[in-house]
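Heads up: the protein sequence lines correspond to chains A and B, in order.
At position 302 of the first sequence the residue is numbered 302 (the working numbering), and the sequence of numbers has no breaks.
At position 348 of the second sequence the residue is numbered 857 (the working numbering), and the sequence of numbers has no breaks.
Ideal placement from N, C-alpha and C gives every residue a C-beta, glycine not left out.
Computed from a predicted structure; not experimentally measured.
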Amino acid sequence: MTENNIVLEGKNLTKQFPGVLANDNVNFDLRKGEIHALLGENGAGKSTLMNLLYGLYHPDKGEVMVNGNPATINSPNDAIALGIGMVHQHFMLIPVFTVAENVMLGDETTKRGALDRNTVAQKINQISSQYGLSVDPNALVGDLPVGVQQRIEIIKALYREARILILDEPTAVLTPQEAEDLFRIMRDLTARGVSIIFITHKLKEVLAVADRITVMRAGRVINTVNPSETNSALLANMMVGRQVILTVNKQDRKPEEEILRVENFCVQDQRKLDVLHDVSFTVRSGEILGIAGVQGNGQTELSEALTGLRHPSSGKVLIDGVDVTGKTPRALTKAGLAHIPEDRQRHGLVLNYTVADNMALCDYYRPPFSRRGVIQQKALDDNSRKLIASFDVRTPSPFVNAGKLSGGNQQKVIVARELSRENVKLVIANQPTRGLDVGSIEYIHGEIIKMRDRGVAVLLISAELDEIMALSDRIAVMYRGKIVAIVDAKQPTREQLGLWMAGAHAETA
Amino acid sequence: MDWRRFGFIALIIIVLFGTVIMIGQVKQPPLLIITSMLATTIAVATPLALGALSGVYCERAGVVNIGIEGMMLSSAFFGWLGAIYMFHVFGMDIGISITLGVFFAILTGALMALLHAVLSITFKVDQIIGGTVINILAVGLTGFLNRQLFFGAGSVFGGNVPNSPGVLPTIHIPLTEIFTPVCGVSNACLVNLAAINRVFDQKPIAMGAILLVFFSHYVIFNTRWGLRTRAVGEHPKAADTVGIDVIKMRYANVIIGGMFAGLAGAYFTIESVPSFEPLLTNGRGFISLAAMIFGNWTPIGAWAASLVFGASQALLINMQIFRDVIPPQWSFLQESYIVGLTPYILTMFILTGIIGKTTPPAADGVPYEK
């Protein structure tokens, strides 16, 4: 350890990928026992930097110092040997293995050739009690909730005696309470001399937990600041490079007639298990109903069943008074449904089709796009040019494949196609801003509000509680396939919603 | 491995055995039929069990292997050819020639698997296509060399197909000798004892296959190697982040799998009969894949499933033995091509997934990219 207590340092790190300079002369240092947040939008180069520090990539230029000594980290093995552990955004856990098997993988304890599961379990129990990370070593990982899975990832690093932890977007999959819990664990760890790099794009969390904040944009470090000297707005400006409006401007509006009515809706999965139990709610025109909940509590199934991609096992759906239960997506589109799907690349776009073709996916078979069974290329082009201009899609031309666009622009193509249709009465938007940069989020939120103000009914499904709270007029909370609460959006606090999302029961208001 | 699956396997075997007993009991006592059926079943299931093990190693590591058939066929040929060369050209002892033949078969399997590994792991060729390449290559290569070496004018053996040095001997397990005192003077007891002993008197590859099944099961589920193999087949990225070399593990397991397929090939030309004919594996590589799937990618399960196919082949053989006593209302059983369909029909039936769904390794067939 050196005098200034720097345990990990990246000097002038540069990494070039085909077409992108992912890291451009990046300098970054981590002090012993601190939480150093790395803030930036998607594509800012945070993950590249971490992968350089963890040995998954090799820098084209620059060097990494560990405890003041130059270190060559050519593989995760080297990183582990130097006491660096990483908790990846997408957990690196094997669902069909037990906790103990996952933890020992790569660093197995054996006894006469056989895996020594007992010794490993003991060591896990020891780590859990030491750091307050309770977990059953013999449970199958696939059966455990995500919050616990994350703990296993941390235990995995501690099992390898990591003194430096890299947490990549650790709160993306957690409820607010689970996130609080994680922050407590992080503080416990730093109190015991562990140093943490905390990667995120959530401003609130950074301000709550970090000792220092480094902001990255477009592959470069913009600044390193102390939380006491900054605020959300300043950080957002650094992240995006321009003024950003973080709050959503929304006037009060009186909802009118009922557009969507869902009655006693049940959906089963492939194994014939109920994933939605008896879900009922309504959405009226000029209102946004937000469905909050931790990912995987039935939101995907709900939106698929409402948009005709999945059959309900019982229950009824009415759009504008007409029973549309079990209708095909095309029939629903004709009935006035616009759908912004959860997975834009799989369900929203045909990535190998051009932007122009993608923009006509709902209506290609009807005039003016199609006459006597023949596609009218001219009409497609005109339509796309109009939409590209009005929805501010950044694309070199309408004839570029949709797969070539950035995530934000792909989403804009979908939004343009869905919201520009004339007969839209109901919008179902599932995770409309997931993985997007602050600028695109701002834009898409604006479009959703615009639809509501035009008198369209909006069902917004999102795992981002902030998004739900900012946009919704009413909020429904889903937990294990049930709606546990439906309340006016002004009523509950963040904490209350968090409790419902974790399964605490509520009387429906 | 769930009990429903084992129950289904037991049921089919009982039905197949029952059919033979029902028909054959006019000629032979049931115990004799059961023991001879069992002996045949175990012997005939050998290449299927080994082929299934080959698939288990490959696919547990995340590489789909539909080239088992081709690996078996080429190993059968080169193992046999090796034994002939050792015996006729180098003038080696019979036993040594045969043993080296087995070695050549395993080596051939390993080399074919290496080709599959290079195609599917390094070059990330679609693994189904890679396997198909192996199958087509094996058919062409063995057919061509068989003709050129033995039958063509000016071929090495000048048109005279030399005799193979022979087949591996049966290993006698001395149950009869040990238990004779128990029987005393009872003649019936001695006859039964001899009949039971026949089940255990198997040839070395057949016996080795059973040991390898249990050994592999232990390796895959209880050792470091197995844990890492399953990890790269389930979630290679997770394995990579804890410092496991995904590419190396996959290569190693595919090659180990190839060696098992090679041993299966040796069964045909060095253990079962001392001759080679083109296409002699006759789809057994594919049936072993079905056995692997039905066994839910576990060695013991796959072995149990191969016993079903073994039993259906034993049915075919016994229907020929008891041909003259098949009652007229069962006369379709005289048609060997109908009875011979049994394993293939079973394969189709089992692969429909009626008997419960099986779960392949999550990253099976997906090339690993950093």
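- What first and last residue would you give for the beta strand (DSSP E) that runs through ASN669 (chain B)? Unbroken run through ASN669 (chain B): none, as it is neither H nor E.
- Message: Does the CB of ASN762 (chain B) have a neighbour CB from chain A at under 8 Å?
- Response: no
- Can you tell which of A:ILE288, A:ASN383, A:ASN249, A:ALA37 has its C-alpha closest to the C-alpha of ILE259 (chain A)? A:ILE288
- Message: Within 10 Å of its beta-carbon, does TYR159 (chain A) have 16 or more other beta-carbons around it, so buried, or fewer, so exposed?
- Response: buried
- Taking any Cβ of chain A, which residues in the region 747-780 of chain B have a Cβ under 9 Å from it, in chain order? ALA747, ALA748, ASP749, THR750, VAL751, GLY752, ILE753, ASP754
- Does HIS744 (chain B) have its Cβ less than 8 Å from a Cβ in chain A? Judged by the 8 Å Cβ criterion, HIS744 (chain B) is in contact with chain A.
- Task: Run the CB neighbour count on ASN574 (chain B), radius 10 Å, all protein chains shown included, and call it buried at 16 or more, exposed below.
- Result: buried
- One or two residues paired with ASP168 (chain A) in a DSSP bridge: A:ILE199
- Query: Run through DSSP, which three-state label would CYS266 (chain A) get?
  - Reply: Strand.
- Message: Going by the DSSP bridge assignment, what does ALA114 (chain A) pair with across the sheet?
- Response: A:LYS111, B:THR732, per the DSSP bridge assignment.
- Task: Give the straight-line distance between the Cα atoms of THR641 (chain B) and ALA761 (chain B), rounded to the nearest whole angstrom.
- Result: 21 Å
- Give the secondary structure of GLN16 (chain A) by DSSP, where H, G and I count as helix, E and B as strand, and everything else as coil. strand
- Query: Where do the N-terminal and C-terminal ends of the beta strand (DSSP E) with ASP274 (chain A) fall, by residue?
  - Reply: Annotation: the continuous beta strand (DSSP E) that includes ASP274 (chain A) extends over 274-284.
- Task: Grab the span of the alpha helix (DSSP H) containing GLY640 (chain B) for me, first residue to last.
- Result: 636-655
- Message: Given this structure, state the Cα-to-Cα distance separating THR508 (chain A) from ASP488 (chain A), to the nearest angstrom.
- Response: Here THR508 (chain A) scores only 47 on pLDDT, less than 50, and its place in the model should not be relied on; the value that follows carries that caveat. Roughly 10 Å between the two C-alpha positions.
- Query: In the DSSP assignment, what are the bridge partners of THR214 (chain A)?
  - Reply: A:LEU38, A:THR224
- Using a cut-off of 9 Å between C-beta atoms, extract the partners of ASN805 (chain B) located in chain A. Against chain A, a Cβ distance below 9 Å from ASN805 (chain B) picks out nothing, because the smallest value is about 12 Å.
- Query: Using a beta-carbon distance below 8 Å, is ARG733 (chain B) in contact with chain A?
  - Reply: yes
- Please look up how many angstroms separate the CB atoms of PRO76 (chain A) and ASP754 (chain B), rounded, as I've assumed it's under 8 Å. PRO76 (chain A) to ASP754 (chain B), Cβ: 11 Å. No contact.
- Taking all protein chains shown into account, decide if ILE522 (chain B) is buried (16 or more other Cβ within 10 angstroms of its Cβ) or exposed. buried
- ASP392 (chain A) versus chain E: which residues are under 7 Å apart at the beta carbon? As a matter of chain content, chain E is missing from the structure shown, whose protein chains are A and B.
- Query: Using CA coordinates, which residue listed in A:GLU180, A:ASN12, A:LYS316, A:ARG394 is at the minimum distance from ASN409 (chain A)?
  - Reply: A:ARG394
- Task: Under 8 Å Cβ to Cβ from ASP323 (chain A), same chain only, skipping five residues before and after it: list those, please.
- Result: LYS316, VAL317
- Task: Report the neighbours of LYS879 (chain B) on chain A: residues whose CB is nearer than 8 Å to its CB, in chain order.
- Result: Within chain A, the residues near LYS879 (chain B) are LEU56.
- If ASN23 (chain A) and LEU49 (chain A) are in contact, beta carbons under 8 Å, what's the gap, nearest whole angstrom? 6 Å
- Keeping to the same chain, check which residues put their C-beta closer than 7 Å to that of GLN268 (chain A); ignore five residues upstream and five downstream. ASP274, VAL275, SER313
- Distance between GLY68 (chain A) and MET1 (chain A) (C-alpha atoms, nearest Å): Interpretation of MET1 (chain A) is limited by its pLDDT of 39, a score under 50 that renders its predicted location unreliable; the figure taken from the coordinates is listed afterwards. If you take the alpha carbons of MET1 (chain A) and GLY68 (chain A), they lie about 6 Å apart.
- Query: Just curious, the alpha helix (DSSP H) that ARG452 (chain A) is in, first and last residue?
  - Reply: 438-453 is the span of the alpha helix (DSSP H), which, as asked, contains ARG452 (chain A).
- Out of B:SER545, B:ILE643, B:GLY618, state which residue places its alpha-carbon closest to the alpha-carbon of SER629 (chain B). B:ILE643
- Message: Against SER75 (chain A), what residues of chain B qualify as contacts under a CB-to-CB distance less than 7 Å, listed in chain order?
- Response: Residues of chain B with a Cβ closer than 7 Å to the Cβ of SER75 (chain A) are, in chain order, GLY752.
- Please go through the same chain and pick out, in chain order, the residues whose beta-carbon is closer than 7 Å to the beta-carbon of ALA457 (chain A), but skip the five residues on each side of it. ILE259, LEU260, VAL283, ARG284, SER285, GLU287, LYS425, LEU426
- Task: Answer yes or no: does any C-beta atom of chain B fall closer than 8 Å to that of GLU304 (chain A)?
- Result: no
- Does ALA811 (chain B) get closer than 8 Å to chain A when you measure Cβ to Cβ? no
- Task: For ARG217 (chain A), count neighbouring C-beta atoms within 10 Å of its own C-beta (all shown protein chains included) and say buried if the count is 16 or more, exposed if not.
- Result: buried
- Start and end of the beta strand (DSSP E) containing ILE475 (chain A)? 474-479
- Message: Is ALA740 (chain B) close to chain A? Criterion is C-beta to C-beta, closer than 8 Å.
- Response: yes
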